[in-house]
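Chemist:
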């Protein structure tokens with residue numbers, strides 16, 4: 001691994017030389033020397049620094065961005081080599097979009113840990129666009145995203161189907177009785193939707209298009225939990241995965257609005273940057289494709 005880049009990235013992320021030295025088990029003068037040699041090799045300063053702070057300048061931002069990707073490739077290469085004679089073990093960086101990451105992945109990781117305790121996963125949660133970008137930069141080994149995201153530089157493989165519903169507070173007028181709601185009624189309501197880049201936002205926009213509606217009163221929130229709490233309070237309607245609302249449905253805090261055409265469906269997909277896989281990554285993907293944890297949750301939800 002390129003020690004100069006490792007020292008540089010550590011200094012940037014720790015915010016000063018002394019904390020970086022401690023983290024790297026080096027002396028502070030040695031850290032300073034590595035940075036000076038790196039700057040000399042590029043012929044420019046990379047950091048603005050004084051006694052109080054260390055900050056990236058423009059050149060430093062470029063080096064930092066590419067250094068993260070280079071170090072990620074080093075780690076991945078070493079993991080593949082180390083795995084050749086061994087069983088599945090070691091670090092595994094997993095990214096997932098919010099619905100899968102918050103409501104399915106914890107159960108899946110627990111099951112994987114029982115079978116493969118030597119695999120040490122780290123989890124990053126973000127929207128679909130954010131997770132795909134991290135995989136593209138080699139900062140994640142694998143991503144799990146929602147919807148129809150496309151990128152020619154990534155391998156994207158659908159492996160499971162998700163069901164989504166229009167939901168409202170249990171006291172909302174659209175869920176009283178057994179009425180089937182008219183599309184025109186939906187257009188008049190307040191809608192609470194996810195931010196751009198979210199797989200849930202993509203589905204919501206497709207549903208609006210399929211119904212030929214354009215609600216005037218729309219609020220954009222960046223958290224599924226915040227949306228659920230807001231809908232539960234009676235603020236408006238939303239479209240969410242059944243995985244995200246199973247507890248609220250069981251407790252009668254939220255109800256499904258009976259709309260023609262629902263449930264609306266989308267895919268969960270596995271995202272990879274490279275065809276080379278560590279044994280830990282191979283195990284993770286194989287277990288994921290079996291969908292046992294996912295299907296168990298689905299059946300439990302549909303039976304509640």
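In UniProt numbering, the protein residues as written are 1 to 304.
From the three backbone atoms N, C-alpha and C, an ideal C-beta is built for every residue, glycine too.
What number of angstroms, rounded off, separates the C-alpha of residue 277 from the C-alpha of residue 119?
Modeler: If I take the Cα positions, the gap works out to 14 Å.
Chemist: Would you list the one or two residues that DSSP bridges to residue 220?
Modeler: DSSP, once it has assigned bridges, lists 193 as partnering residue 220.
Chemist: Which same chain residues, not among the five before or five after residue 155, have their C-beta less than 6 Å away from its C-beta?
Modeler: Closer than 6 Å at Cβ, skipping near neighbours: 272.
Chemist: Quick one: which unbroken beta strand (DSSP E) runs of 3-plus residues sit fully inside the segment 200 to 272? Chain order, please.
Modeler: The segment 200 to 272 contains these whole beta strand (DSSP E) runs: 218 to 220, 238 to 241, 254 to 256 and 264 to 272.
Chemist: Looking only at its chain, what residues have a beta carbon closer than 6 Å to the beta carbon of residue 259, apart from the 5 residues adjacent to it on each side?
Modeler: These residues qualify, in order along the chain: 166 and 181.
Chemist: Less than 7 Å between the C-beta atoms of residue 255 and residue 175, yes or no?
Modeler: Taking 7 Å as the Cβ cut-off, residue 255 and residue 175 qualify as a contacting pair.
Chemist: May I have the straight-line CA-CA distance separating residue 239 from residue 173, to the nearest angstrom?
Modeler: Cα to Cα, the separation comes out at about 17 Å.
Chemist: Rounded to whole angstroms, what's the CA-CA distance from residue 265 to residue 160? Just pull it up for me.
Modeler: Cα to Cα, residue 265 sits roughly 10 Å from residue 160.
Chemist: For residue 144 and residue 29, I'd like the C-alpha separation in whole angstroms.
Modeler: Taking the straight line joining both Cα atoms gives about 42 Å.
Chemist: Give the secondary structure of residue 153 by DSSP, where H, G and I count as helix, E and B as strand, and everything else as coil.
Modeler: Correct three-state label for residue 153: coil.
Chemist: Considering just the uninterrupted stretch of the alpha helix (DSSP H) at residue 106, what are its terminal residues?
Modeler: Here the alpha helix (DSSP H) through residue 106 covers 105 to 115.
Chemist: What is the DSSP secondary structure of residue 304, counted as helix, strand or coil?
Modeler: For residue 304, the predicted structure reports a pLDDT of 41, less than 50, and the residue's modelled location is therefore unreliable. The matter cannot be settled from this model.
Chemist: Could you have a look at residue 77 and say whether DSSP puts it in helix, strand or coil?
Modeler: Note: residue 77 maps to helix in three-state DSSP.
Chemist: Tell me which residue opens and which closes the alpha helix (DSSP H) that residue 19 is part of.
Modeler: Residue 19 -> alpha helix (DSSP H) spans 17 to 24.
Chemist: Can you find the residues in the same chain that come closer than 8 Å, C-beta to C-beta, to residue 11, ignoring five residues on each side of it along the sequence?
Modeler: Once the five neighbours on either side are set aside, the close Cβ partners of residue 11 are 17, 20, 31, 35, 47 and 54.
Chemist: Rounding to the nearest angstrom, what Cα-Cα distance links residue 78 and residue 222 in this structure?
Modeler: Spanning the two alpha carbons is a distance of roughly 37 Å.
Chemist: May I ask you to report which of helix, strand or coil DSSP gives residue 276?
Modeler: It is coil, neither helix nor strand.
Chemist: Could you say which of 290, 288 and 244 lies nearest to residue 163 if we only look at CA atoms?
Modeler: Nearest option by C-alpha distance: 244.
Chemist: Residue 88 by DSSP, collapsed to three states: which one?
Modeler: The answer is coil: DSSP assigns residue 88 none of H, G, I, E or B.
Chemist: Please give me, in chain order, every unbroken run of the alpha helix (DSSP H) with length at least 4 that falls completely inside the segment 119 to 193.
Modeler: Counting only runs of 4 or more, we get 128 to 136 and 183 to 188.
Chemist: Kindly list the residues whose CB is nearer than 8 Å to the CB of residue 297, restricted to its own chain and excluding five residues on each side of it in sequence; keep chain order.
Modeler: Low local confidence applies: a pLDDT of 49 at residue 297 is under 50, so the model's placement there is unreliable, and no value is given.
Chemist: Kindly indicate which residue of 52, 23 and 67 has the alpha-carbon position closest to the one of residue 38.
Modeler: The option with the nearest alpha carbon to residue 38 is 67.
Chemist: Look up residue 198 in the DSSP assignment and say whether it is helix, strand or coil.
Modeler: If DSSP states are grouped into helix, strand and coil, residue 198 belongs with coil.
Chemist: So residue 141 and residue 73 are in contact, right, with Cβ under 8 Å, and what is the actual spacing, rounded?
Modeler: With a Cβ gap of about 11 Å, residue 141 and residue 73 do not count as contacting.
Chemist: Taking the straight line between their C-alpha atoms, what separation do you get for residue 267 and residue 257?
Modeler: Looking at the two C-alpha atoms, the distance is approximately 22 Å.
Chemist: Mind checking who residue 56 pairs with in its DSSP beta bridge?
Modeler: Answer by DSSP bridge pairing, in chain order: 47.
Chemist: Mind checking residue 138: buried by the 16 CB within 10 Å criterion, or exposed?
Modeler: Classification for residue 138: buried.
Chemist: Which same chain residues, not among the five before or five after residue 235, have their C-beta less than 7 Å away from its C-beta?
Modeler: Excluding residues within five positions, the ones whose Cβ falls inside 7 Å are 190 and 192.
Chemist: Between which two residues does the alpha helix (DSSP H) holding residue 27 run?
Modeler: Run containing residue 27: none; DSSP gives neither H nor E here.
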